[in-house]
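Enquirer: In the UniProt record's numbering, the protein residues as written are 1 to 536.
The structure is given below, and queries will be raised subsequently.
As structure tokens, this is what we get:
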């Protein structure tokens with residue numbers, strides 16, 4: 001037990017507990033600024049993530065409005081490039097990752113029977129770095145020369161030699177975000193390895209905890225690589241080095257190797273926690289245990305390992321030696337095996353189960369189906385000779401949005417609906433939640449499925465104008481994107497409505513739900529498992 005929570009026993013001279021731990025939270029703003037409580041910090045991460053989701057989504061709406069018709073319509077090409085860049089950066093680093101860290105903060109201590117996270121003050125610092133980092137990042141849009149305009153992958157020399165002056169602030173923002181991620185990941189590892197309740201062996205942990213343990217190791221491994229990458233950029237821009245500058249003996253391709261060595265594990269960082277959440281949700285609504293628990297753990301570990309040896313599949317067209325292309329092609333295809341194991345296990349869990357389709361299950365089932373579509377287009381992209389046709393077209397955009405929107409975002413929605421009763425003590429409005437699901441489902445498919453077609457027909461990505469032949473599909477995409485975007489305001493409404501009231505939630509609102517978190521009352525008390533539970 002962390003030493004500071006023992007202090008709840010200390011009484012000061014006035015007969016009050018000498019520590020706020022004995023009572024509920026402090027009142028007012030300072031409760032949130034100074035909190036070390038994992039539930040408060042989880043809540044702040046989730047709200048921050050949702051605000052970034054709306055901001056990054058509004059940038060996407062600018063992109064889709066511009067592409068609604070061919071010809072330059074609404075914004076300058078230069079600003080369009082800033083929108084594509086900021087949309088990607090904010091969705092990846094500001095929306096998806098903080099959402100999963102928020103879920104981790106809230107749920108991991110409850111799932112393993114811990115009183116809090118292992119490093120509660122560092123937890124507070126990890127969070128508060130993020131609003132500062134993203135305020136800095138967004139402020140670049142108002143600087144002379146505008147914000148980052150070089151794509152979310154910020155390839156050199158676009159991000160060095162030809163970058164707007166604001167790139168320095170972008171680099172600092174990336175550093176702050178990376179420090180936050182590293183500290184959050186260390187905290188997760190320390191918590192899972194040290195604070196499990198007696199009897200909670202590693203192979204008894206819920207899969208959400210397992211996926212986060214592995215994700216945390218990925219973060220600790222690759223975030224310093226990203227830091228090195230942007231530091232080399234900084235040196236090239238301000239200190240006369242030539243890491244990525246061919247004129248000085250450097251190589252822009254080095255940038256791509258370093259960036260994607262971070263970038264590919266990063267995309268698994270964004271999906272593995274969703275795998276874990278869905279592995280809790282599907283058994284709950286199938287009313288039977290997860291099929292193949294052990295193989296699921298090994299599959300996640302295999303995916304994490306393979307994620308380190310596939311990075312050059314992003315670089316098939318830069319002129320990698322043939323033997324390299326073959327290695328990275330086969331290594332990439334190999335990732336389909338553990339992923340296929342997971343999909344098989346999810347389907348087998350549902351097989352002959354007593355299924356009901358409440359909102360968490362709808363999002364989880366859509367996750368499995370649509371994520372598989374994204375997986376198949378990924379297999380197509382892994383074929384090196386074919387990739388020459390797909391590279392940098394809208395086919396790639398379709399692929400990773402089919403992985404990230406139904407994968408990460410639907411996984412987060414499923415988790416939110418699944419645990420909201422535990423967080424708030426109220427049941428959400430099931431009818432509205434189902435409406436949110438169906439509008440999101442239709443909007444998402446309408447937005448991203450046509451992109452496969454325009455991409456195969458040769459429409460390049462990151463351009464504000466296009467040929468007449470692509471007009472119809474782009475119009476469909478834009479309508480779908482606007483539908484999806486507007487629908488997320490409904491989600492906001494549902495969440496606020498649930499916080500404010502609704503049917504009282506029982507300790508275990510879902511029939512088939514398993515795990516320590518359901519042994520607690522709803523809403524979960526401010527301090528839980530001060531005395532660790534016994535796990536059979």
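C-beta: ideal position from N, C-alpha, C; glycine also.
Can you look up residue 436 in the DSSP assignment and give me helix, strand or coil?
Expert: Helix, per DSSP.
Enquirer: Closest by CA to residue 173, which one among 261, 145, 93, 246?
Expert: Per the Cα distances, 93.
Enquirer: Could you check what DSSP says for residue 38 in three-state terms: helix, strand or coil?
Expert: Helix at residue 38.
Enquirer: Just the C-alpha distance for residue 230 and residue 405, rounded to the nearest angstrom, thanks.
Expert: If you take the alpha carbons of residue 230 and residue 405, they lie about 27 Å apart.
Enquirer: Thinking C-beta only, is residue 450 closer than 9 Å to residue 473?
Expert: Yes, the pair counts as a contact, with Cβ atoms nearer than the cut-off.
Enquirer: When the Cα of residue 333 is compared with those of 493, 381, 291, 288, which residue comes out closest?
Expert: Measuring from the Cα of residue 333, the nearest candidate turns out to be 381.
Enquirer: Buried or exposed: residue 486, going by 16 or more other Cβ atoms within 10 Å of its Cβ?
Expert: Exposed, since its Cβ has fewer than 16 Cβ neighbours within 10 Å.
Enquirer: What span of residues does the alpha helix (DSSP H) with residue 256 cover, start to end?
Expert: Start and end: 252-269.
Enquirer: So residue 255 packs on residue 156, CB below 8 Å; how close in whole Å?
Expert: Going by Cβ atoms, the distance from residue 255 to residue 156 rounds to 4 Å, so yes, they are a contact pair.
Enquirer: Cβ atoms of residue 177 and residue 133: under 9 Å apart, would you say?
Expert: Taking 9 Å as the Cβ cut-off, residue 133 and residue 177 qualify as a contacting pair.
Enquirer: For the alpha helix (DSSP H) containing residue 81, list its first residue and its last residue.
Expert: Note, residue 81: alpha helix (DSSP H), 77-89.
Enquirer: Across the segment 281-301 and the segment 350-358, are there enough close Cβ pairs to call them in contact, namely three or more that are closer than 8 Å?
Expert: In short, these stretches touch, since the Cβ pair count reaches three.
Enquirer: If residue 47 sits next to residue 40, beta carbons under 8 Å apart, how far is it from one beta carbon to the other, in whole angstroms?
Expert: Contact doesn't hold; Cβ gap of about 11 Å is too wide.
Enquirer: Skipping 5 residues on each side, what residues in its chain have a beta carbon closer than 6 Å to that of residue 346?
Expert: Same-chain partners within the cutoff: 282, 368.
Enquirer: I'd like to know whether the C-beta atoms of residue 337 and residue 372 end up nearer to each other than 9 Å.
Expert: Result no, Cβ atoms of residue 337 and residue 372 do not sit closer than 9 Å.
Enquirer: Just curious, the alpha helix (DSSP H) that residue 303 is in, first and last residue?
Expert: Segment 293-306, the alpha helix (DSSP H) holding residue 303.
Enquirer: With DSSP collapsed to three states, give me the class of residue 528.
Expert: In this structure, residue 528 counts as coil in the three-state DSSP scheme.
Enquirer: At the level of alpha carbons, what is the spacing between residue 2 and residue 50?
Expert: The predicted position of residue 2 is uncertain, since its pLDDT is 47 and thus under 50; a value taken from the coordinates is nonetheless stated next. Each residue's Cα considered, the two are about 30 Å apart.
Enquirer: Do the CB positions of residue 245 and residue 161 come within less than 9 Å of each other?
Expert: Closer than 9 Å, so yes.
Enquirer: Could you check whether residue 329 and residue 384 sit closer than 9 Å to each other, using their CB atoms as the reference points?
Expert: Taking 9 Å as the Cβ cut-off, residue 384 and residue 329 qualify as a contacting pair.
Enquirer: Classify residue 153 as helix, strand or coil using the three-state DSSP reduction.
Expert: Correct three-state label for residue 153: coil.
Enquirer: Within 10 angstroms of its Cβ, does residue 150 collect 16 or more other Cβ (buried), or is it exposed?
Expert: Classification of residue 150: buried, given that the 10 Å Cβ count is 16 or more.
Enquirer: In whole angstroms, what is the alpha-carbon distance linking residue 504 and residue 427?
Expert: Cα to Cα, the separation comes out at about 6 Å.
Enquirer: Starting from the C-beta of residue 249, find all residues in its chain whose C-beta is less than 7 Å away, skip the five residues before and the five after it, and write them out in chain order.
Expert: So the list reads 242, once near-sequence residues are dropped.
Enquirer: Counting Cβ pairs, one atom from each stretch, are 3 or more of them under 8 Å apart for the segment 521-533 and the segment 450-461?
Expert: Output reads no: the segment 450-461 does not touch the segment 521-533.
Enquirer: Per the contact definition of three or more C-beta pairs closer than 8 Å, is the segment 118-130 in contact with the segment 186-206?
Expert: Touching, yes, given that three or more Cβ pairs across the two stretches are closer than 8 Å.
Enquirer: For residue 504, list the residues DSSP reports as bridge partners.
Expert: Residue 504 pairs with 426.
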